[in-house]
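Position one of the sequence shown corresponds to residue 7 (my numbering), numbered consecutively onward. All C-beta atoms, glycine included, are put in the ideal place defined by N, C-alpha and C. Reviewing the structure listed below.
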Amino acid sequence: MELEPRQRIYRAVKDAPGIHFRELQRALDMPTGQLEHHLIALCEQGALQTREDRYYKRYYAAEIDTRDKDMLSALRQENPRRIAMHLLMHPRSGHGEMAGAFGLAPSTLSFYLRDMVGKGILAREKAGRESLYSVVEPERVSRLLITYRRGFLDRLVDNFIGVWFAKEYSNKK
């Protein structure tokens, strides 16, 4: 990668895996055509990979694990990220508890939960008439949140990381 713009693009994608085109364009303040040209070249060279995610084409450094890409695709979105952080701190939470905590319409929350269960990020367990949700791989999800926290630009992630480390430290005593 000799061209300076390509190095900037690669670094930005590596620091914020799962970033989409407009987000990348804003972060780099680069004209659309120029960014598109360099992204195509980086993908053809094998340095970057793309994934379609409902509304966006997301960009990842090629060396990122496939499972991490699946998880980062969801964690790049605010509501799924909030749901994951809540469930890391409160495993086996029900729909009603989460709807109240997030102020989301029940149908919106159901949409995100169904999507995250489908991607294998969350597990759903029936407890009588209620469904309880938990993060399938809590260590992996927390590692991704911690590793790429700057790419999320979210104060909630910073707060979560502080609480998560405090919890981990107290569990080891």
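> Using the C-alpha atoms, what's the distance from GLN40 back to VAL142?
Replying inline: 40 Å
- Give, in chain order, every unbroken run of the beta strand (DSSP E) that is at least 3 residues long and sits entirely within the segment 46-88. 54-59 and 62-67
> Just the Cα atoms here: how many angstroms apart are LEU42 and LEU150?
Replying inline: With the sequence shown as reference, residue 42 is identified as Glu, and Leu is not the correct amino acid for it. So the alpha carbons of these two residues sit roughly 27 Å apart.
**Study point:** 8 Å contact criterion, which ALA68 and GLY52 should meet: CB distance rounded
**Key:** 6 Å
Alpha carbons only, please: which of THR114, PRO11, ASP35 and GLU58 is nearest the one belonging to HIS26? GLU58
Excluding sequence positions up to five away, which residues of its chain have a Cβ less than 6 Å from the Cβ of ALA129?
SER140 and VAL142
Q) So, using beta-carbon positions, are HIS44 and ARG17 closer together than 7 Å? A) no
Practice item. Report all residues from its chain with a CB closer than 8 Å to the CB of SER79; omit the five preceding and five following residues, and keep chain order. Key: GLY24, ARG57, ASP59, ARG64 and LYS125
Answer with buried or exposed for TYR61, where buried requires no fewer than 16 other C-beta atoms within 10 angstroms of its C-beta. exposed
Next item on the list: Report the rounded CA-to-CA distance for LEU94 versus GLU29, giving the unit in angstroms.
Entry: 27 Å
* To do: Within the same chain, show all residues whose beta-carbon is closer than 8 Å to that of THR38, passing over the 5 residues directly before and after it, in chain order.
  => GLN31
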